[in-house]
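Take a look at the structure set out below.
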Amino acid sequence: MTDEPSAAEPLWASFQDVVEQLTGPLAASTVERVAEEVGRLDKSLAGLRKDLNGLAVEQEDAARALKKRQEALARENQELRCQLDTLKNDLVEQLKLNHEAQSAAAREDTAAVLRELSRAAEEARSSATALEAAVDERLTRLRASWAADVEALRAGQPATERLARVTVVLLSLTLVLGAVGVVLR
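According to the numbering used here, the residues represented by the sequence shown are 931 to 1115, in order.
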């Protein structure tokens, strides 16, 4: 039922002829009006079909555009995920490198501290050895001096004078031993 003549029109014309013969001119005019109304309805229906087809085309276009937009968003989302993964991997690598650098620096610092401690311990050992040698030498001289003083005291000095000398020697020895004890600590 479009604007084009349908295959049913000759049949319709025949039908109209039959109706005119059977019912006369009044029925024919009614049939004619009905036919005109049917023609108008056919035209309206054709217009509605055309509008409906236009809407269907618009809807298909909108659906295609929506699908394209969804695909573009999915691609963008995938690209963002790839970028995020890349950033995450870069961050992990950077953290690992920073940790390794900090660990290496800490090891170097520890090694430097240990070297310094070892050097200080060696210096302390050298100082202690030198001090011990000096103390031994001083003690040897003090013993010799003390022995000489004791012999001199025995040889002719009175007992009080000998006692005073021994006291001075013992005090000197005490001071030297005290100083050695402080240094060794």
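Idealized CB from N, CA, C, for every residue including glycine.
Since this is a predicted model, take the numbers as computed values, not measurements.
>> Out of Leu-1072, Asp-1079 and Ala-1082, which one is the CA nearest neighbour of Leu-1103?
In response: Leu-1072
> Whose CA, out of Glu-1062, Asp-1079 and Val-1098, lies closest to the CA of Val-1112?
Replying inline: Glu-1062
> From the beta carbon of Ala-943, is the nearest beta carbon of chain D less than 8 Å away?
Replying inline: No chain D appears in the structure shown, which is made up of a single protein chain.
> Between the C-alpha atoms of Leu-996 and Val-964, what's the straight-line distance to the nearest angstrom?
Replying inline: 46 Å
> Can you give the beta carbon distance from Val-1106 to Arg-1068, rounded, assuming they're within the 8 Å contact cut?
Replying inline: 6 Å
> What's the gap between the Cα of Ala-1036 and the Cα of Ala-1074?
Replying inline: 56 Å
>> I need the straight-line Cα distance from Ser-1057 to Ala-1109, nearest angstrom please.
In response: 14 Å
>> Suppose you measure from the CA of Arg-1049 to the CA of Val-1043; what does that come to, to the nearest Å?
In response: 10 Å
> How many whole angstroms separate the CB atoms of Asp-1079 and Val-1099, which I take to be in contact at a CB cut-off of 8 Å?
Replying inline: 6 Å
> Where Arg-1022 and Thr-1016 are concerned, what is the direct C-alpha to C-alpha distance, given to the nearest angstrom?
Replying inline: Before going on, a small fix: residue 1022 reads as Val here, not Arg. Cα-Cα distance, rounded: 10 Å.
> Can you tell me the Cα-Cα spacing of Asn-1007 and Glu-1001, whole angstroms?
Replying inline: 10 Å
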